[in-house]
Each structure stands twice: as C-alpha cells, then as structure tokens.
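Heads up, the thing below is written out as structure tokens.
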Amino acid sequence: MTGNIACHIFGCSDPVIGQCKGYKDACGRYFCKAHSPENLCLHCYDEMWKAALESIRYAKPQTSPSTGS
21 MTGNIACHIF GCSDPVIGQC KGYKDACGRY FCKAHSPENL CLHCYDEMWK
71 AALESIRYAK PQTSPSTGS
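Per the numbering used here, the very first residue in the sequence shown carries number 21; after that it's consecutive.
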C-alpha cells in the first residue's frame, strides 16, 4: 500500500515539493510549487502576514529630526 501525499489545497493535483515548517507553531501540511510562498503553506504564510501587519498597525510613528535654519 502506498501513501498519497497531496498539496493542502483542495483539488490541487500538482506534485508536492515540501512540507511546511510552520509559522510560530509546527504545521506539517504538504505543498506544491504553486502554493508555497516562503516555503510555508498558504495558511502559515497568511498567519505570518497578519502578524506583520498587526505589528505595523501598532508601531509608533517615527519622527524625523527637525532641520532648524
């Protein structure tokens, strides 16, 4: 009996090229070339961007030093 490994995207029949290492937590989903930005599955990639956008959202604005004349 052979095991079938498939991309985590429903209906995707492209060959699997890797297994997601996870973002913050272990994941283990398999992905194909089309669904593997940054070597993450799309779920973990989305979580990574949500966290990045949240950190930007709550970051204090930087002020530039005034140039006195």
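C-beta: ideal position from N, C-alpha, C; glycine also.
Run through the DSSP bridge pairs and tell me what residue i is partnered with.
i	result
F51	G38
Report yes if the CB atom of residue i is closer than 7 angstroms to the CB atom of residue j, and no otherwise.
i	j	result
C64	C32	no
C61	R77	no
E67	Y43	yes
Of all the options the options, which has the alpha carbon lying nearest to the alpha carbon of residue i?
i	options	result
A26	G42, F51 and E58	F51
A54	G48, A79 and P35	P35
What residue range is occupied by the uninterrupted alpha helix (DSSP H) comprising residue i?
i	result
L62	L62 to R77
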